[in-house]
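This report concerns only the one structure given below.
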Amino acid sequence: MKKVISKTLLFVLVLCITSVEAQEAKALIDEVVAANGGKAALHKLKDVSFDYTFTAKDNSVSDVSEERYIFDGEVSYAAYTKRQVYALPQLPGETYTQFFNGKSSVSKIDGKAITEQQPAFIGHILRKTNYYWFAMMFKLSDPGANHKMLPSRTVDGIAYKVVEMTFGTDIGESSKDRYLLYVNPKTNRIDQFLYNATGFGVTEPSLMKLKYEKVNGIYLSTYRKYAPADWDGNVLEGSWTDQFTKNIKFNNGYTLENIQG
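For the sequence shown, our numbering begins at 6 and goes up steadily by one.
Shown next, in the form of structure tokens:
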């Protein structure tokens, strides 16, 4: 009987500790979102357009697109002017567009819809991924995101608070993803994070580093770079992939009917 009681008490204690750690992590993540300006401030700007350059392999190949998003419904559109990495470089054609209306996506080459499953899925996952990279710091507290405090880690003399973020099974392509977020104790913004991207079939982690700009009262990670790493944050290869966000314009008056131009 005593053993049963002891095991029960231990189980309850573990649950209590886990709950406290989750609450601490959630509170810190709420501070991160606020430090970037807050989700309400982003949505108040209605929509955005910007030029996006994704450069890989020591600056030798790039995907370049004009991105347009509507924040209500997470609507996402892009028209590519260069496609050498993920934006289906193997398919001939001058104009490549992707459109996600908040529920479903369609990709087109020279105005003709792509119906093959794999190329169509690439367009869908890029719409979801590109939107997420832009709005990530405002989505950290979204339903389905789970947070847990981990031991602090010191990088370049800064003792970062580290939060593990995972996702519920109803999140779709991200349900198996894992993030380790490094929160700067002075700014409450995330300077870097480790992550995997199971939607692209990448189960091993990469390290992403970020630089911010303040635009229309909110902080945006307008420069990002990532490289393969281990979960301790050690970069495995010296070659970084760079992502540049430029010419940001909010409140363009986009609707589902006119966002594609």
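Even for Gly, the Cβ is constructed at its ideal location relative to N, Cα and C. No experiment lies behind these values; they were computed from the predicted model shown.
Taking the Cα positions, Thr250 is about 24 Å away from Phe126. Going by beta carbons, Ser81 and Asn135 fall inside the 8 Å limit.
Residue nearest to Asn256 within the set Ser67, Tyr217, Ile75, Asp68 is Ile75 (criterion: CA-CA distance). Annotation for Thr208: Asn201 place their beta carbon closer than 6 Å to its own, counting only its chain and skipping 5 residues before and after. In the three-state reduction of the DSSP assignment, Glu169 falls in the strand class, which pools E and B. Per the coordinates, the alpha-carbon of Glu242 lies some 14 Å from the alpha-carbon of Trp236. With 16 or more other Cβ atoms from the protein chains shown falling within 10 Å of its own Cβ, Asn41 counts as buried. Looking at the backbone, the Cα of Tyr57 and that of Tyr85 are separated by about 9 Å. Taken through DSSP and simplified to helix, strand or coil, Ile163 comes out as strand. In terms of Cβ geometry, Asn252 and Leu50 do not form a close pair [threshold 8 Å].
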